[in-house]
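Residue numbers (our numbering): 54 to 423. As structure tokens, the structure follows; a few thoughts come after it.
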Amino acid sequence: MKGINIKYLLTCLIILCLLLGSSCLLPPVNTSPPPNSPPTSTTNPIDRNWTPPPPESNTFTLPNFADVVAEVKPSVVAINTEVITYDIFNRPLEQTGAGSGWIIDEDGIIVTNNHVVEGAKAITVTLADGRTFPVETVRTDPLTDLAVVKINARNLPAAAIGDSSKLRICDPIVAIGNPLGLGISAKPGWVSRLGVSLQVSSEQTLYDLIETDAPINPGNSGGALVNMSKQVIGITSAKIAMVGVEGMGYAISINTAMPIIEELIQKGYVVRPWLGAEPYTVDQYVVFRYQLAVDKGAFVTTVTSGSPADKAGIEPGDVITEFEGKEIITAEELNQAIHSSQIGQKVKIIFWRGNAQNTTYATLTESPPP
Numbered sequence: 054m055k056g057i058n059i060k061y062l063l064t065c066l067i068i069l070c071l072l073l074g075s076s077c078l079l080p081p082v083n084t085s086p087p088p089n090s091p092p093t094s095t096t097n098p099i100d101r102n103w104t105p106p107p108p109e110s111n112t113f114t115l116p117n118f119a120d121v122v123a124e125v126k127p128s129v130v131a132i133n134t135e136v137i138t139y140d141i142f143n144r145p146l147e148q149t150g151a152g153s154g155w156i157i158d159e160d161g162i163i164v165t166n167n168h169v170v171e172g173a174k175a176i177t178v179t180l181a182d183g184r185t186f187p188v189e190t191v192r193t194d195p196l197t198d199l200a201v202v203k204i205n206a207r208n209l210p211a212a213a214i215g216d217s218s219k220l221r222i223c224d225p226i227v228a229i230g231n232p233l234g235l236g237i238s239a240k241p242g243w244v245s246r247l248g249v250s251l252q253v254s255s256e257q258t259l260y261d262l263i264e265t266d267a268p269i270n271p272g273n274s275g276g277a278l279v280n281m282s283k284q285v286i287g288i289t290s291a292k293i294a295m296v297g298v299e300g301m302g303y304a305i306s307i308n309t310a311m312p313i314i315e316e317l318i319q320k321g322y323v324v325r326p327w328l329g330a331e332p333y334t335v336d337q338y339v340v341f342r343y344q345l346a347v348d349k350g351a352f353v354t355t356v357t358s359g360s361p362a363d364k365a366g367i368e369p370g371d372v373i374t375e376f377e378g379k380e381i382i383t384a385e386e387l388n389q390a391i392h393s394s395q396i397g398q399k400v401k402i403i404f405w406r407g408n409a410q411n412t413t414y415a416t417l418t419e420s421p422p423p
């Protein structure tokens, strides 16, 4: 029997020990699931009695503009005017104009804009049924650009009045009017903004307007802006006409217009607090022409004899810079401050005469008939 190779045997034992020792150094294997692992899928039921919910019925319907127009269009009228203008040689020229209106009372009372009928020597109204009537009475309020006219007609289809305070942005509406004098037509759209203020001239700003993307064109002025309940909620009045500007038409909200309309019908004019001083916004020309000591404020052009301004010592050429604690920069701001006051209220007025600043007090009275 041959002897055992001692070196070979020792080598095998060393290798075996190394293998056993390295396995002991390895980290233990964790066979349990991690704490946040998803639960294992099984075939056990979750709820044997569960049934799927029934499908909801589709209650949404598109606004039916055709029904709205069919109801309201007979209440909208076309207004045509004749105005005398003068050329550069002071020769009279007769011009015609077109606008819109809507019937608020079956006995021939029609609402429109002041700028539609302002200065017209003759006004006619054409109804939806084709009948034409001359306007017998005109009552206007230039400050709010509203007017009421009266024709001799009975049993007319008066429009229903809505509540503009319930309007929301993106509510559907329809503008019905007489664009370009081509006849009554309807343009659908949506409410874009509410409570908008828009300066339409250097001396006039309209307030609480409804902005819409419904096309508002010349001739639409005075027409009806109507909601899906077939109610008038606005009086189309203005648009921004600039290159690249689209879908920005404006209507006077009916809630703002109705008190004015009511006074025009009941009294013939709108009663407001009155100072009796006619203002003009101070500009660089006025500063230079009259050598004013201030470059902003309301320049007084005329003062009515016996008016609150007259009694307070205000004179033409004065510049009012503060009214009842409010800084006055423009004529529009002075008018707004006066109209925001109360009849019979005593107000503090700061004004400049020449290089001297003065303070006076005036008691506002009721505005006289126009």
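Glycine residues also receive a C-beta, built at the ideal position from the N, C-alpha and C atoms.
Item	Value
CB of Val-121 within 9 Å of CB of Val-285, strictly	no
Nonlocal neighbours in the same chain, by C-beta distance under 8 Å from Ile-314, ignoring five residues either side	Ile-157, Val-164, Leu-199, Val-201
beta-carbon Ile-162 near the ligand NAD non-hydrogen atom, thresh 8 Å	The ligand NAD is not among the ligands present in this structure, which contains no ligands whatsoever.
Selected residue, minimal CA-CA separation from Val-136, among Glu-147, Val-129, Asn-143	Glu-147
Nearest-angstrom Cβ-Cβ length linking Glu-427 and Ile-396, presumed shorter than 8 Å	There is no way to answer for residue 427, as the model of the chain reaches only from 54 to 423.
Segments of 4+ residues assigned as alpha helix (DSSP H) that fall wholly inside the segment 188 to 232	none
Alpha helix (DSSP H) segment containing Gln-257, residue limits	Here Gln-257 belongs to no alpha helix (DSSP H); instead the beta strand (DSSP E) covers 257 to 265.
Nearest-angstrom Cα separation, counted from Ile-403 out to Gly-366	12 Å
Whole-angstrom C-beta distance between Leu-387 and Ser-360, which should lie under 8 Å	Not a contact, Cβ separation roughly 14 Å.
Status (buried if at least 16 other CB within 10 Å, exposed otherwise) for Trp-405	buried
Lys-364 versus Pro-326: straight-line alpha-carbon distance, rounded	15 Å
For Asp-224 and Pro-312, the rounded distance between their alpha carbons	24 Å
Neighbour-count burial assignment, Ala-123, 16 or more Cβ in a 10 Å radius	exposed
Coil, strand or helix - Thr-309 by DSSP	helix
Check whether Ala-175 and Ser-128 have beta carbons under 9 Å apart	no
Three-state secondary structure (DSSP) of Asn-388	helix
Burial state of Gly-321, where buried means 16 or more other Cβ atoms lie within 10 Å	exposed
Cβ distance (whole Å) where Gly-119 is taken to contact Ile-237 below 8 Å	Correcting the residue type first, residue 119 is Ala in the shown sequence and not Gly. Contact flag wrong, Cβ pair sits at about 15 Å.
Rounded separation between Pro-422 and Asn-205 - CA only	24 Å
Whether Asn-166 touches Ser-306 by CB criterion (9 Å)	no
Range of the contiguous beta strand (DSSP E) that encloses Arg-406	399 to 406
Simplified DSSP state of Met-295, which is helix, strand or coil	Unreliable positioning characterises Met-295 in this predicted model, as indicated by a pLDDT of 45, which lies under 50. The coordinate reading is nonetheless provided below. Coil, per DSSP.
Within 9 Å, strictly: CB atoms of Ile-400 and Ala-277	Rather than Ile, the amino acid found at residue 400 in this sequence is Val. No.
Same chain, Cβ closer than 7 Å to Gly-248, neighbours up to 5 away in sequence not counted	Asp-261
Where Asn-167 sits in the DSSP three-state scheme	helix
Buried or exposed (CB count within 10 angstroms, at least 16 for buried), Ser-393	exposed
Segments of 4+ residues assigned as alpha helix (DSSP H) that fall wholly inside the segment 328 to 394	337 to 343, 361 to 364, 384 to 392
Continuous beta strand (DSSP E) stretch holding Ala-239: start and end	238 to 254
Cβ neighbours of Pro-187 in the same chain (closer than 6 Å, five flanking residues each side left out)	Thr-177
Which of helix, strand or coil DSSP assigns to Gly-276	coil
Contacts around Gly-161, its chain only, beta-carbon distance under 8 Å, and the 5 residues preceding and following it disregarded	Phe-186, Lys-203, Ile-204, Asn-205, Ala-206, Arg-207, Leu-209
Same chain, Cβ closer than 6 Å to Asp-348, five either side skipped, listed in chain order	Val-340
Close Cβ partners of Pro-195 (< 6 Å) along its chain, the five nearest in sequence each way excluded	Asn-167
Distance, Glu-159 Cα to Ala-211 Cα	5 Å
For Tyr-414 and Val-296, the rounded distance between their alpha carbons	Here Val-296 scores only 42 on pLDDT, less than 50, and its place in the model should not be relied on; the value that follows carries that caveat. Each residue's Cα considered, the two are about 48 Å apart.
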